[in-house]
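Chemist: Mind having a look at this structure? Questions to follow.
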Amino acid sequence: MGTGRGPAGAGRATIDADRPGERPPAPKSLLRLVLDDIACVKARDPAARFALEILLTYPGVHAIIWHRLSHVLWRKRLRFPARLLSWLSRLLTNIDIHPGAAIGERFFIDHGAGVVIGETAEIGDDVTLYHGVTLGGTSWTPGRRHPTLGNGVLVGAGAKVLGPITIGAGCRIGANSVVIEDVAPGMTVIGIPGRVVKPAQERRRSGDRRIDLEHHLMPDPVGEAIAALVDRIDFLEVRLARLQVRTNLSPLTDVSVTSITNAPERAGAPHE
Numbered sequence: 102m103g104t105g106r107g108p109a110g111a112g113r114a115t116i117d118a119d120r121p122g123e124r125p126p127a128p129k130s131l132l133r134l135v136l137d138d139i140a141c142v143k144a145r146d147p148a149a150r151f152a153l154e155i156l157l158t159y160p161g162v163h164a165i166i167w168h169r170l171s172h173v174l175w176r177k178r179l180r181f182p183a184r185l186l187s188w189l190s191r192l193l194t195n196i197d198i199h200p201g202a203a204i205g206e207r208f209f210i211d212h213g214a215g216v217v218i219g220e221t222a223e224i225g226d227d228v229t230l231y232h233g234v235t236l237g238g239t240s241w242t243p244g245r246r247h248p249t250l251g252n253g254v255l256v257g258a259g260a261k262v263l264g265p266i267t268i269g270a271g272c273r274i275g276a277n278s279v280v281i282e283d284v285a286p287g288m289t290v291i292g293i294p295g296r297v298v299k300p301a302q303e304r305r306r307s308g309d310r311r312i313d314l315e316h317h318l319m320p321d322p323v324g325e326a327i328a329a330l331v332d333r334i335d336f337l338e339v340r341l342a343r344l345q346v347r348t349n350l351s352p353l354t355d356v357s358v359t360s361i362t363n364a365p366e367r368a369g370a371p372h373e
């Protein structure tokens, strides 16, 4: 895994290793990155109408603009100004992104409130986060302690991705999930702790290739297991009822199972 960061302070996390023999593309300017961040919103939010409205009213866009500026300062080792700019961004947007976090192109935070991204987090291109998402650490040890998100990852509202783990390209993290282990590319993860429930080829896709926003159609493995147990219990109850009817109301005898079971055993009777 390599990390390519342009001189303009893009902070791009290149999740996939460069192909041998190919020259890496020239890094985009800071202005070009910000314009791409604004343009990607319309493709991912049906409420977005035009660029000026997005620029003026979307706190997620404001947060990524402030972050790209503070990240430039952070890479130049101007740590206090970077942290001060990051604090100002948090005050204005309610989104806390550490200036050391490496964030790729076309990054979108929808609604934005309560999002936290730690210092050593690395985020690829075309990633979408919803409100309440935390990319947090689980260790006091210096070094990498926050998650790495591959290209095209979508993280649902309230989800927590914790520790120096890697979420593969194209993954979807369900709302309020807690993910603490690596996830292979293209998987859907839900639950606490997070469990893989669906590969990429089984997902629904909209006709215009936009992100599938029908989160309510995500599978629920716990609910499915409980439903299977309920069906099994119903089947066993019906079977037990039939056995009771056959035993207690047999036309050959009027003696119930209870009376036979409770009858005193004869002295000297052989045991089977």
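According to our numbering, the residues represented by the sequence shown are 102 to 373, in order.
All C-beta atoms in this analysis are idealised placements derived from N, C-alpha and C, irrespective of residue type, glycine included.
Keep in mind the model is a prediction, meaning the values are calculated, not measured.
Run the CB neighbour count on residue 331, radius 10 Å, all protein chains shown included, and call it buried at 16 or more, exposed below.
Modeler: The residue in question, residue 331, is exposed, as its Cβ has fewer than 16 Cβ neighbours within 10 Å.
Chemist: Distance check for residue 323 and residue 173, CA to CA, integer angstroms please.
Modeler: Approximately 45 Å between the Cα atoms of the pair.
Chemist: Ends of the alpha helix (DSSP H) at residue 173?
Modeler: Where residue 173 is concerned, the enclosing alpha helix (DSSP H) stretches over 160-176.
Chemist: With DSSP as the reference, label residue 261 as helix, strand or coil.
Modeler: Here residue 261 sits in strand by DSSP.
Chemist: Residues in the same chain with beta-carbon distance under 7 Å from residue 291, minus the five sequence neighbours each way, listed in chain order, please.
Modeler: If we look at residue 291 and ignore the five residues flanking it on each side, its Cβ neighbours are 275, 278, 298 and 319.
Chemist: Pick helix, strand or coil for residue 327, following the three-state DSSP scheme.
Modeler: Correct three-state label for residue 327: helix.
Chemist: Relative to the C-alpha of residue 377, which candidate in 147, 137, 153 and 158 has its C-alpha closest?
Modeler: Limits of the chain in this structure are 102 at one end and 373 at the other, which puts residue 377 out of reach.
Chemist: CB-CB under 6 Å to residue 197, same chain, minus the five flanking residues each way: which ones, in chain order?
Modeler: Contacts found: 191 and 217.
Chemist: Based on the DSSP secondary-structure assignment, which residues constitute the bridge partners of residue 237?
Modeler: According to DSSP, which records beta bridges pairwise, residue 237 is partnered with 263.
Chemist: At what residues does the alpha helix (DSSP H) containing residue 138 begin and finish?
Modeler: Segment 131-145, the alpha helix (DSSP H) holding residue 138.
Chemist: For the region 267-274 and the region 282-290, state whether three or more C-beta atom pairs, one from each stretch, are separated by less than 8 Å.
Modeler: With the cut-off at 8 Å, the region 267-274 and the region 282-290 touch.
Chemist: Under 8 Å between the Cβ atoms of residue 214 and residue 232?
Modeler: Their beta carbons are under 8 Å apart, which means residue 214 touches residue 232 by this criterion.
Chemist: Which two residues bound the contiguous beta strand (DSSP E) that contains residue 289?
Modeler: Counting along the chain, the beta strand (DSSP E) containing residue 289 begins and ends at 288-291.
Chemist: For residue 162 and residue 226, what's the separation of their Cα atoms in angstroms?
Modeler: Cα-Cα distance, rounded: 15 Å.
Chemist: Assuming residue 250 and residue 273 are in contact, meaning their beta carbons sit under 8 Å apart, how far apart are those beta carbons, in whole angstroms?
Modeler: With a Cβ gap of about 11 Å, residue 250 and residue 273 do not count as contacting.
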